[in-house]
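Q:
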Amino acid sequence: MSLNSYNMMFTSIMILGVMISLSSNNLFMIWLGLEITFMSFMPTLSKSTKLMSHSSMKYFIIQSISSLMMMLGMLMMLNDLMHTNFILMFSLIIKIALAPFHTWLIMIIDNMNVNSMFMLITIMKFPLINLISIMMMKFDLLCMFSMICSSLCSLNQTSIRKLIAYSSVFNMGLLMPSLMMNSSWINFMTIYSLILLSMFILINKCNINFINQTLINEHSIMLKINMFILLISMGGMPPLMGFTLKLIIIEKLTMVNNYMMIMTISITSVIMMFIYIRLSFLIIMFSSIKNKWNLNIINKNSMIIFIMNLTWFPILILMKCMT
Numbered sequence: 012m013s014l015n016s017y018n019m020m021f022t023s024i025m026i027l028g029v030m031i032s033l034s035s036n037n038l039f040m041i042w043l044g045l046e047i048t049f050m051s052f053m054p055t056l057s058k059s060t061k062l063m064s065h066s067s068m069k070y071f072i073i074q075s076i077s078s079l080m081m082m083l084g085m086l087m088m089l090n091d092l093m094h095t096n097f098i099l100m101f102s103l104i105i106k107i108a109l110a111p112f113h114t115w116l117i118m119i120i121d122n123m124n125v126n127s128m129f130m131l132i133t134i135m136k137f138p139l140i141n142l143i144s145i146m147m148m149k150f151d152l153l154c155m156f157s158m159i160c161s162s163l164c165s166l167n168q169t170s171i172r173k174l175i176a177y178s179s180v181f182n183m184g185l186l187m188p189s190l191m192m193n194s195s196w197i198n199f200m201t202i203y204s205l206i207l208l209s210m211f212i213l214i215n216k217c218n219i220n221f222i223n224q225t226l227i228n229e230h231s232i233m234l235k236i237n238m239f240i241l242l243i244s245m246g247g248m249p250p251l252m253g254f255t256l257k258l259i260i261i262e263k264l265t266m267v268n269n270y271m272m273i274m275t276i277s278i279t280s281v282i283m284m285f286i287y288i289r290l291s292f293l294i295i296m297f298s299s300i301k302n303k304w305n306l307n308i309i310n311k312n313s314m315i316i317f318i319m320n321l322t323w324f325p326i327l328i329l330m331k332c333m334t
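This note's numbering puts the first residue of the sequence shown at 12, with every later residue one more than the last.
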């Protein structure tokens with residue numbers, strides 16, 4: 012079997028596991044779907060490099076332990092024993108990579124390929140978020156700590172992969188409070204997945220892993236502009252798509268008078284925006300012999316990311332008003 016067919020088969024099984032978890036209200040079936048997703052994701056991590064083997068083993072150990080804890084928590088819940096919610100909640104926090112249990116994600120992210128990164132940060136989070144929403148679990152302190160920790164840890168990062176990993180931790184902390192208010196988390200994850208998909212396509216096309224590589228390599232100005240747009244969109248600059256994420260959550264939090272969470276989101280968002288603008292300034296302004304004002308190089312394909320971020324904004328505002 013060829014490598015592409017091999018990956019396609021396991022990716023299809025993984026998506027099947029996600030669909031089983033999302034479409035079931037039974038705890039055992041949700042757990043079964045999660046395990047199918049986890050076991051089918053593991054082969055996509057396999058590589059001949061030693062570093063990737065180590066990362067795969069770390070991921071396997073972490074996920075196996077958290078899966079056992081989840082099963083134990085569910086069994087104790089069925090028998091009405093004490094501390095059941097704590098064990099189940101703890102396992103979900105590890106799996107979804109909320110701070111301070113996010114370090115496993117940072118450790119393995121550097122050695123993963125782009126496709127595996129996208130699946131880990133987006134697709135595999137859907138069933139976990141759905142389970143947290145069903146269980147109505149609340150952990151505001153961990154959410155605030157996740158946003159604070161991820162924003163501060165991103166300050167000195169130049170690795171694009173680690174920035175995306177910390178962005179995932181930040182956005183999971185941002186998303187969790189909305190689950191208690193019956194808001195549509197699927198809209199949130201769809202917007203975030205679109206932004207990350209654009210970023211991963213750009214990373215794969217330019218073959219860059221560090222921000223410094225954009226200073227050395229003479230990529231086209233439009234590619235650098237696209238990188239700039241995606242970074243500030245991830246930071247939440249209006250009127251780009253990323254701004255809608257924070258707008259949805261802050262409006263819902265205002266309705267329940269959760270001003271402590273709003274203040275945390277505002278402060279940490281400013282820190283994240285500072286990080287992204289600083290990196291964007293380096294990408295656009297330095298180490299290029301090309302004219303910054305030369306727009307004749309723009310073609311239709313290179314404008315896709317720019318147009319998508321701007322034209323989707325009114326559509327997303329409409330979606331927000333309907334939730």
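Even for Gly, the Cβ is constructed at its ideal location relative to N, Cα and C.
1) Leaving out the 5 sequence neighbours to the left and right, which residues in its chain are closer than 6 Å to GLN168 when beta-carbon positions are compared?
2) Between LEU101 and the rest of its own chain, which residues show a CB-CB distance below 7 Å, the 5 nearest in sequence each way excluded?
3) What residues are listed by DSSP as bridge partners for PHE221?
4) Does the Cβ-Cβ distance between MET200 and PHE181 come in under 7 Å?
5) Check the C-beta distance from SER51 over to PHE21 and give it rounded, since I have them as a contact under 8 Å.
6) Would you mind giving the Cβ-Cβ distance between TRP196 and LEU190, rounded to the nearest angstrom? I have them listed as a contact below 8 Å.
7) With a threshold of 6 Å on Cβ separation, who are the neighbours of GLY246 within its own chain once the five nearest residues in sequence on each side are excluded?
8) Counting Cβ pairs, one atom from each stretch, are 3 or more of them under 8 Å apart for the stretch 102-120 and the stretch 133-152?
9) Taking the Cβ atom as the reference point for each residue, do ILE24 and GLY44 lie within a distance shorter than 7 Å?
10) Going along the chain, which residues of its own chain have a beta-carbon closer than 6 Å to the beta-carbon of LEU142, five neighbours each way excluded?
11) How long is the line joining the alpha carbons of ASN6 and SER66, rounded to whole angstroms?
12) Once DSSP output is grouped into helix, strand and coil, what is the label at ALA176?
13) Mark PHE292 as exposed unless 16 or more other C-beta atoms lie within 10 angstroms of its C-beta, in which case mark it buried.
14) For ASN307, which residues in the same chain have their Cβ closer than 6 Å to its Cβ, ignoring the five residues on either side in sequence?
15) Between which two residues does the alpha helix (DSSP H) holding LEU38 run?
16) Need the endpoints of the alpha helix (DSSP H) that LEU152 sits in, please.
A: On the basis of the data shown:
1) Answer for GLN168: LEU174, listed in chain order.
2) Note on identity: in this sequence residue 101 is Phe, with Leu being the wrong assignment. Closer than 7 Å at the Cβ level, and outside the excluded window around PHE101, lie MET80.
3) DSSP output for PHE221 lists SER170 as bridge partner(s).
4) No, they are not a contact pair.
5) Sure, about 5 Å apart at Cβ, within 8 Å.
6) Contact between TRP196 and LEU190 holds: their C-beta atoms lie close to 6 Å from each other, under 8 Å.
7) Residues of the same chain with a CB within less than 6 Å of the CB of GLY246, apart from the 5 flanking positions on each side, are MET283, MET284 and TYR287 in chain order.
8) Enough Cβ pairs lie closer than 8 Å, so yes.
9) A distance of 7 Å or more separates the beta carbons of ILE24 and GLY44.
10) Cβ within range, chain order: ILE41.
11) Coverage of the chain is limited to positions 12 through 334, which leaves residue 6 absent and any answer about it impossible.
12) DSSP places ALA176 in helix when its eight states are reduced to three.
13) Residue environment: PHE292 is assigned as exposed (fewer than 16 neighbouring CB atoms within 10 Å of its CB, all protein chains considered).
14) A caution first: ASN307 carries a pLDDT of 47, below 50, which makes its placement in the model unreliable, though a value can still be read off. Correct list: empty, nothing qualifies.
15) Start and end: 38-52.
16) That run of the alpha helix (DSSP H) goes 151-164.
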